[in-house]
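Residue 277 in numbering that gives the first Met the number 0 sits at position 278 of the sequence shown, with consecutive numbering throughout.
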Amino acid sequence: MAVIRVELAGRGYDVQVGADLLEQAGTLARDFIRKDCVAAVADRNSHRHHGARLQAALAEIGVSVEWFITDPGEGAKSWDVLAKLADWLLERGVERGDHIFALGGGVIGDLTGFAAAVLKRGCGFVQVPTTLLAQVDSSVGGKTAINTSAGKNLVGAFHQPALVIADTATLGTLPPREMGAGYAEVIKYGILGDAAFFDWCEANGAKVTGRDPAALEYAVTKSVEAKARIVAEDERETSGTRALLNLGHTFGHALEAETGFSDRLLHGEGVALGMVLAARYSARRGYLSAADAGRVARAIAAAGLPSEIASLQLRCTGADLAAHMAHDKKMDAGTLPFILLRDIGEAFLDRSVEMSDVADFLTQELQG
Ligand SMILES: NC(=O)c1ccc[n+]([C@@H]2O[C@H](COP(=O)([O-])OP(=O)(O)OC[C@H]3O[C@@H](n4cnc5c(N)ncnc54)[C@H](O)[C@@H]3O)[C@@H](O)[C@H]2O)c1
Ligand SMILES: O=C(O)C(=O)C[C@@H](O)[C@H](O)[C@H](O)COP(=O)(O)O
Ligand SMILES: [Zn+2]
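Next up, the structure:
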């Protein structure tokens, strides 16, 4: 068990990591519950597998749960579902001082967090992440958002949770493909800033995706520690430090858009492929050795994640993918900074990238 503190003046919070923590949710969250009933959001899968556990834990402190349950998948991060959720919360009289519970993956956390950010100009929320991706990344740091037809996470807010309860035992019911997608965001911390952790991932990745309890807890703890450090330094992505967490995402979000935010490419899979592309593009620019770019690709492929864009069989050009990047939130006065690598464990922001060169590079990659 580990408790990692996200240090933010006046808004700091604990991330509790460990097996079977859901059973302690009532005790852990007691300070954030003021009424005898809480509103909780889940999707059908997280609710089916773990809803009763959260409900039983809260019943122990005399609190009942009313559920808002969405369809699984990226489609829930939409205006339509947000509007339904906001109306549902208002009908229940949720007040600013209340905390909404988000039980699920990154989709549920991002949706619930954004609803909490805008409801009555801001109420509280508690993250109870049930996917590997949500435990190591999305539940921590306060980025909340929905998607629009123009792209990924384009409407959102920074709004920190009051508490994160990451019960690693909930991952026991997660499909293997989703374990892989979450692992992409784990190995990301190594590639962007911690060469020793990357080495550990190369040696232990299969144990993490295979749910070895000790490896899993170590990977979640190390990931949350890395994210908490970066978020404490640059909460709102203004200094450039937090932007490093976007490694692989400029390429990845473009691929997600091109595949229609569908099951064809999960977010973590897009990030995995995006990190391979970022490494190869870093080599093309002369920053990273071809050998290290190859090492990144092999580590990604070894986890069963996509490492070749040609495998997606997209019917688009490099310019089409580059066009999706025009909506990237990092865009600054017409320039898109790219997160590239000087070394494994050393990411940096490059503001000198020409989009025409990125398009040429992607066209070559698409051809295999
Ligand atoms: N806010 C952030 O900082 C941040 C960081 C990374 C990713 N994200 C966002 O997170 C989303 C991806 O999150 P995700 O990968 O968790 O996807 P997800 O929320 O869609 O969950 C993946 C699948 O697992 C199912 N599921 C959830 N918990 C389960 C469990 N314990 N057992 C069985 N099935 C379960 C869900 O129903 C879904 O089908 C994307 O929208 C991405 O943009 C946000
Ligand atoms: O927390 C961050 O900062 C991240 O960039 C984490 C990413 O893994 C995550 O996918 C995030 O939602 C992407 O942010 P965006 O600003 O590119 O939408
Ligand atoms: Zn991500």
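C-beta: ideal position from N, C-alpha, C; glycine also.
State the CB to CB distance for the pair residue i and residue j, rounded to an integer number of angstroms; the pair is presumed to be in contact (CB under 8 Å).
| i | j | result |
| --- | --- | --- |
| MET354 | LEU339 | With a Cβ gap of about 14 Å, MET354 and LEU339 do not count as contacting. |
| GLY317 | ASP359 | 6 Å |
| VAL93 | SER222 | That belief does not hold up - the Cβ atoms of VAL93 and SER222 are roughly 31 Å apart, past 8 Å. |
| ILE3 | GLU224 | 6 Å |
| ALA1 | VAL16 | 5 Å |
| LEU264 | ALA346 | Not confirmed; about 22 Å, so no contact. |
| ALA133 | GLU268 | ALA133 to GLU268, Cβ: 15 Å. No contact. |
| SER288 | ALA296 | That belief does not hold up - the Cβ atoms of SER288 and ALA296 are roughly 13 Å apart, past 8 Å. |
| VAL357 | ALA322 | With a Cβ gap of about 11 Å, VAL357 and ALA322 do not count as contacting. |
| HIS158 | GLY112 | 6 Å |
| LEU311 | THR237 | Going by Cβ atoms, the distance from LEU311 to THR237 rounds to 34 Å, so no, they are not a contact pair. |
How about residue i and residue j: do their beta carbons lie closer than 8 Å?
| i | j | result |
| --- | --- | --- |
| LEU81 | VAL40 | no |
| VAL37 | LEU57 | yes |
| LYS329 | MET274 | no |
| ILE107 | SER63 | no |
| ALA161 | PHE124 | yes |
| HIS252 | LYS142 | no |
| ILE343 | ARG294 | yes |
| ASP368 | ASP86 | Because residue 368 is not part of the residues shown, which for the chain are 0 to 367, the question remains open. |
| LEU246 | LEU191 | yes |
| VAL139 | VAL14 | yes |
| ALA278 | ALA292 | yes |
| LEU102 | THR130 | no |
| GLY204 | ALA298 | yes |
| HIS266 | GLY105 | yes |
| LEU88 | LEU118 | yes |
| LEU276 | PHE250 | yes |
| LEU365 | LEU313 | yes |
| ARG6 | ALA231 | First, the amino acid is wrong: residue 6 is Glu here, not Arg. In this structure, ALA231 lies closer than 8 Å to GLU6 by Cβ. |
| HIS48 | THR172 | yes |
| VAL207 | ALA194 | no |
| ARG91 | GLU73 | no |
| LEU309 | GLY239 | The question names Leu, but residue 309 is Ala in the sequence shown. Against a cut-off of 8 Å, the Cβ pair of GLY239 and ALA309 comes out as no contact. |
| PRO212 | ALA18 | yes |
| ARG341 | TYR286 | yes |
| ASP79 | GLY61 | no |
| ALA116 | ALA156 | yes |
| LEU53 | VAL154 | no |
Name the one or two DSSP bridge partners that residue i has.
| i | result |
| --- | --- |
| TRP66 | ALA39 |
| LEU340 | ALA346 |
| SER102 | The question names Ser, but residue 102 is Leu in the sequence shown. DSSP output for LEU102 lists ALA41 and VAL127 as bridge partner(s). |
| TYR12 | VAL5 |
| PHE157 | LYS142 |
| ALA165 | VAL16 |
| THR334 | ASP331 |
| THR147 | GLY150 |
State yes or no: is the beta carbon of residue i nearer than 8 Å to at least one beta carbon in chain B?
| i | result |
| --- | --- |
| GLY11 | The structure shown contains no chain B; it is built from a single protein chain. |
Compute every distance between the C-beta of residue i and the non-hydrogen atoms of ligand 5, then say whether any falls below 7 Å.
| i | result |
| --- | --- |
| GLU184 | Ligand 5 is not part of the structure shown, which contains ligand 1, ligand 2 and ligand 3 as its ligands. |
Quiz prompt | At least 3 beta-carbon pairs within less than 8 Å: the region 159 to 176 vs the region 22 to 37 | solution = The region 159 to 176 and the region 22 to 37 touch, with no fewer than 3 CB-CB distances between them shorter than 8 Å.
Quiz item: Is the region 295 to 307 close to the region 172 to 189, with three or more CB pairs under 8 Å?
Solution: The region 295 to 307 makes contact with the region 172 to 189: 3 or more CB pairs, one atom from each, lie closer than 8 Å.
Practice problem: Tell me, please, whether the region 87 to 105 touches the region 140 to 156 by the rule of three or more beta-carbon pairs shorter than 8 Å. | Solution: At 8 Å Cβ cutoff, the stretches do not touch.
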